[in-house]
DNA sequence: TTGTCATATGAACAATTGCTCATATGTTCA
DNA sequence: TGAACATATGAGCAATTGTTCATATGACAA
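Chains as they are written, first to last, in the numbering used here: chain A, 82 to 190; chain B, 82 to 190.
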């Protein structure tokens, strides 16, 4: 007979958030799981930047950056403002910085 | 003439970590970017569990769980110990908890 | 050894994803 | 209005990824 997990399962189940929450958590981290997006967020760490400046910094296409900024914006990780033809992006809150900092800690522990 | 970014680019470049670090950061978060792995880490939040208990908890194949545990272990996010035929997995450090907690904060702010 | 339980692993397939290219939208200025 | 600049967007393609299935490894007991 395979061994029994009833006790631990009941205990853990009681502490697990709803499936939907865990799904949302995964979706959020998925966004951090791409080097280009990490670079963009890091670039915005101190100051806002326009799209073409980010593209130049990362040596990538304006289109590629724009696509990624859309993803970041949809997740509320960046915000933007328009000034004439130019659109400036910035981090939308401090969670971005703390999440990246925690990841960095894990890597360099 | 397109507008000039020299000043901001020089400033930001000075603050950017090496490409390799940013790549590693992305790779780390990529691991958090999957619901199954998030669930596994959450399940191990309080106590160690054996592979088949995790599989039963998540209602998934033993094989699928084993594959994911391998990924988590390679990233130093979980550790394991053997007790007879059974192998128990646990979180390997507290960064896992804090990273998940930060993500949770962002979602529920 | 043989059988059984617990776990690991490799190949294969479907689904997702990030970039490119072409083009569209929106703003400013002449 | 027309031209130029800044950004956004849709389709398509190559690469990555998570699961399944079959099977291998490892431990224990008879």
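C-beta atoms are modelled at their ideal positions from N, C-alpha and C, and glycine is treated no differently.
Name, please, each residue of chain B whose Cβ falls closer than 9 Å to the Cβ of residue 127 of chain A.
-> Those are 92, 93 and 96, listed as they occur along chain B.
Three-way DSSP call (helix, strand, coil) for residue 116 of chain A in this model = helix
Endpoints, alpha helix (DSSP H) assigned at residue 156 of chain B = Boundaries cannot be given for residue 156 of chain B, as no alpha helix (DSSP H) includes it and DSSP labels it neither H nor E.
Do we get a CB-CB distance below 8 Å when we pair residue 151 of chain B with the residues of chain A?
-> It does not; no Cβ of chain A falls within 8 Å.
Under 8 Å between C-beta atoms, does residue 124 of chain B make it to chain A?
-> Look at residue 124 of chain B: its C-beta is under 8 Å from a C-beta on chain A.
Give the DSSP-derived three-state secondary structure of residue 189 of chain B in the structure shown.
-> Residue 189 of chain B carries a helical assignment under DSSP once its states are collapsed to helix, strand and coil.
Residue 188 of chain B versus chain A: which residues are under 8 Å apart at the beta carbon?
-> Within 8 Å Cβ-Cβ: 102, 105, 106 and 109.
Cross-chain neighbours of residue 120 of chain A in chain B, by beta carbon under 9 Å | 97, 100, 103 and 107
Quick one: which residues of the segment 133-150 of chain B get their C-beta closer than 8 Å to a C-beta of chain A? List them in chain order.
-> 133, 134, 137 and 138
What does residue 185 of chain A touch in chain B if you count any residue whose Cβ is under 7 Å from its own?
-> 106
Proximity test, Cβ basis, 8 Å: residue 164 of chain B and chain A = no
Can you tell me the Cα-Cα spacing of residue 88 of chain A and residue 100 of chain A, whole angstroms?
-> 21 Å
Based on Cα-Cα distance, which residue from B/85, B/174, B/106 and B/130 lies nearest to residue 168 of chain B?
-> B/130
Where does residue 130 of chain B sit, in a helix, a strand or coil, going by DSSP?
-> strand
If residue 90 of chain B sits next to residue 122 of chain B, beta carbons under 8 Å apart, how far is it from one beta carbon to the other, in whole angstroms?
-> Not confirmed; about 38 Å, so no contact.
Since I believe residue 125 of chain A is in contact with residue 170 of chain A (beta carbons under 8 Å), could you give me their beta-carbon distance rounded to a whole number of angstroms?
-> 6 Å
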